[in-house]
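Down below is the structure, laid out as structure tokens.
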Amino acid sequence: MAEIQHTQEGEIAKPNTAIIWRTFWILSALTALEFIIAFTIPNSTFRVGVFIILTIAKAAYIVGEFMHLRHEVKFLIWAIVLPMTFVGWLLLAMILEGGSIFMMGQ
Amino acid sequence: MATATNSEQGIDWGGGNLPLRASWGKLMMWFFLLSDAFSFSALLISYGLSRYSHKAFDGKISEFTFSQAHWPIPEKVFEAVPFLHGISLPLVFVGIMTFILILSSVTMVLAVEAGHRGDRRDVEKWMLWTILGGITFLGCQAWEWTHFIHGTEGGGATDFYGNVIYGANLIQNQYGPVPFADLFFFITGFHGMHVTSGVILNIIIFYNTSIGIYDRPNRKIDEGASRYEMVEKVGLYWHFVDLVWVFVFTFFYLV
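Chains as they are written, first to last, in our numbering: chain L, 8 to 113; chain F, 5 to 259.
What follows is the structure in structure tokens.
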């Protein structure tokens with residue numbers, strides 16, 4: 008956090024929480040949407056894709072707003088986000104590998 | 005300034021001040037969380053590998069039965085809610101847990117915001133709410149584990165000898181293949197352990213705040229940090245715990 012507020016004795020700034028509560032409502036709405044999808048749409052690759060997109064959206068709001076990463080220096084943002092994209096790659100590779108293991112047992 | 009003389013003597017690095025415009029402690033928390041994310045990813049990737057190397061259930065959901073021959077459908081496994089015995093309420097309890105954790109993340113970010121303003125009373129208030137949320141979540145998870153371990157009344161899958169299995173542990177699982185229960189215990193257990201240590205850290209920060217450590221005028225703080233930065237660092241950890249739960253919720257309970 009770059010800005011440091013030096014408050015004088017007995018003088019405290021008013022809370023500024025509108026953005027926090029907005030993020031909270033977005034996260035709740037996305038979770039509710041996931042529930043609706045879970046009970047209305049039958050399981051398919053498409054549904055899994057929608058779930059993953061919604062999850063990444065929620066993660067972006069938590070990391071970006073709650074953890075404040077969106078407002079950090081660009082280099083720090085990439086230092087955190089870039090390694091995680093490789094994890095996504097590993098996940099995909101291992102799921103495909105799992106499918107191959109299953110086919111081998113058939 | 006002390007730091008300026010340090011730089012002149014070559015103790016600090018010589019490449020300008022705070023290249024990432026974050027204090028040392030906060031950066032270390034970020035990189036710790038990145039490595040912690042790798043641990044959780046490893047567990048979730050193991051889950052993905054196990055799941056896709058087992059047969060998926062391909063019939064109608066209403067005809068689903070527990071069997072070791074196919075991977076269970078999560079909404080058939082997690083359908084119990086405390087005090088509502090015998091009523092099928094798929095994913096309701098885990099939804100409540102998710103909501104509690106998101107809410108405690110919000111109160112944490114409110115505590116961080118109060119810290120920026122130097123408002124000790126507000127920090128105390130929001131830290132207490134966060135601790136309460138964390139403990140509530142842990143209580144829910146304890147119930148969830150108990151239910152999962154004890155199993156359902158009629159039991160579920162049959163083992164190799166045709167005996168009905170009741171409940172689940174690391175070597176037997178009434179809900180489906182054994183790795184399903186193993187990974188349930190590992191993933192939610194590892195997450196619950198993080199929540200536990202998060203609650204302990206929050207309690208320490210709450211204690212420090214209420215005895216006024218962060219308001220001491222002669223307290224040494226890192227360069228680029230605010231007086232209440234410890235709240236922010238522990239806040240990062242707490243949000244990370246919430247973040248992991250978002251992924252656990254999707255990959256374990258929804259997909």
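From the three backbone atoms N, C-alpha and C, an ideal C-beta is built for every residue, glycine too.
Alpha carbon of residue i to alpha carbon of residue j, nearest angstrom
i, j, result
"ALA119/L", "PHE109/L", "For residue 119/L there is no data in the structure shown, the boundaries of chain L being 8 and 113."
"SER27/F", "PHE255/F", "34 Å"
"ARG25/F", "ALA73/F", "54 Å"
"TRP242/F", "MET197/F", "12 Å"
"LEU205/F", "THR213/F", "12 Å"
"TYR232/F", "TRP75/F", "48 Å"
"LEU98/L", "ARG55/F", "12 Å"
"VAL85/F", "PHE97/F", "6 Å"
"VAL70/L", "PHE164/F", "46 Å"
"GLU41/L", "PHE58/L", "7 Å"
"TRP147/F", "ASN173/F", "15 Å"
"TRP85/L", "THR162/F", "49 Å"
"TRP96/L", "LEU89/L", "11 Å"
"LEU31/F", "ASN177/F", "42 Å"
"VAL94/L", "TYR211/F", "37 Å"
"GLY159/F", "SER71/F", "11 Å"
"ALA36/L", "ILE44/L", "12 Å"
"SER108/F", "ILE191/F", "21 Å"
"ASN10/F", "ASP226/F", "In this predicted model, ASN10/F has a pLDDT of only 48, less than 50, meaning its place in the structure is not dependable; the value taken from the coordinates is given anyway. Distance between the alpha carbons of ASN10/F and ASP226/F: 14 Å."
"VAL55/L", "VAL259/F", "6 Å"
"PRO94/F", "GLU79/F", "5 Å"
"HIS151/F", "ALA67/L", "33 Å"
"GLY105/L", "ALA115/F", "43 Å"
"TRP130/F", "VAL235/F", "11 Å"
"TRP44/F", "ILE63/L", "According to the sequence as given, residue 44/F is Phe; it is not Trp. Between PHE44/F and ILE63/L, the C-alpha separation is close to 16 Å."
"GLY216/F", "ARG77/L", "31 Å"
"ILE60/L", "PHE53/L", "11 Å"
"PHE35/F", "PHE73/L", "17 Å"
Neighbour list for residue i in chain F, Cβ cutoff strictly below 9 Å
i, result
"ILE27/L", "VAL110, VAL113, LEU114 and GLU117"
Delimiting residues of the alpha helix (DSSP H) encompassing residue i
i, result
"LYS129/F", "124 to 154"
"TYR56/F", "28 to 56"
"GLY202/F", "182 to 214"
"ALA64/L", "52 to 68"
"MET74/L", "Run containing MET74/L: none; DSSP gives neither H nor E here."
"TRP96/L", "81 to 112"
"LEU34/L", "25 to 47"
"ALA118/F", "96 to 120"
"GLU233/F", "233 to 252"
Chain L residues whose Cβ lies nearer than 9 Å to that of residue i
i, result
"ASP219/F", "Within 9 Å Cβ-Cβ: nothing; ASP219/F doesn't reach chain L, min ~10 Å."
Supposed contact pair residue j and residue i - C-beta distance, whole angstroms, cut 8 Å
i, j, result
"GLY202/F", "VAL245/F", "5 Å"
"VAL110/F", "ILE27/L", "6 Å"
"MET101/F", "CYS144/F", "5 Å"
"ILE209/F", "VAL238/F", "5 Å"
"GLY137/F", "ILE19/L", "So it is not a contact: roughly 25 Å between Cβ atoms."
"ILE1/F", "PHE31/L", "Given that chain F is displayed from residue 5 to residue 259, the structure contains no residue 1/F and the question cannot be resolved."
"LEU142/F", "VAL199/F", "6 Å"
"LEU48/F", "PHE184/F", "Not confirmed; about 14 Å, so no contact."
Cross-chain neighbours of residue i in chain L, by beta carbon under 8 Å
i, result
"THR213/F", "Simply none; closest approach about 14 Å."
Proximal chain F residues relative to residue i, where beta-carbon distance stays under 7 Å
i, result
"LEU34/L", "ILE106"
"VAL57/L", "Within 7 Å Cβ-Cβ: nothing; VAL57/L doesn't reach chain F, min ~10 Å."
Per-residue contacts from residue i into chain L (C-beta, under 7 Å)
i, result
"ILE135/F", "Per Cβ cutoff of 7 Å: no residues; ILE135/F is ~17 Å from chain L at best."
Below-9 Å beta-carbon distance, residue i vs any chain B residue
i, result
"THR69/F", "Among the chains of the structure shown, chain B does not appear; the protein chains present are L and F."
Residue i Cβ short of 8 Å to the ligand GTP heavy atom set
i, result
"VAL182/F", "In terms of ligand content, the structure shown is empty, and the ligand GTP therefore cannot be addressed."
>> Which residues of the region 59 to 86 of chain L have a Cβ closer than 9 Å to any Cβ of chain F? Give them in chain order.
In response: Here the close residues are ILE59, LEU61, THR62, LYS65, ALA66, ILE69, VAL70, GLU72, PHE73, MET74, HIS75, LEU76, GLU79, VAL80, PHE82, LEU83 and ALA86.
> the region 84 to 98 of chain F: which residues have C-beta closer than 7 Å to a C-beta of chain L, in chain order?
Replying inline: Contact annotation: in the region 84 to 98 of chain F, residues whose CB is within less than 7 Å of a CB in chain L are LEU95.
> Name the residues in the region 98 to 109 of chain L whose C-beta lies less than 7 Å from a C-beta of chain F; which are they?
Replying inline: For the region 98 to 109 of chain L, which is checked against every Cβ of chain F, the residues closer than 7 Å are LEU98, MET101, ILE102, GLU104, GLY105, GLY106, ILE108 and PHE109.
> Residues in the region 36 to 54 of chain L with C-beta within 7 Å of chain F's C-beta atoms, listed in sequence order?
Replying inline: Going along the region 36 to 54 of chain L in chain order, one finds THR38, GLU41, PHE42 and ALA45 with a Cβ nearer than 7 Å to chain F.
>> Can you pull out the residues from the region 54 to 69 of chain F whose beta carbon lies closer than 9 Å to at least one beta carbon of chain L?
In response: Listed in sequence order: SER54, ARG55, TYR56, SER57, HIS58, LYS59, ALA60 and ILE65.
>> For the region 21 to 32 of chain F, list every residue whose C-beta sits within 7 Å of some C-beta in chain L, in sequence order.
In response: Using a CB distance below 7 Å, the part of the region 21 to 32 of chain F facing chain L consists of LEU24, ARG25 and ALA26, ordered along the chain.
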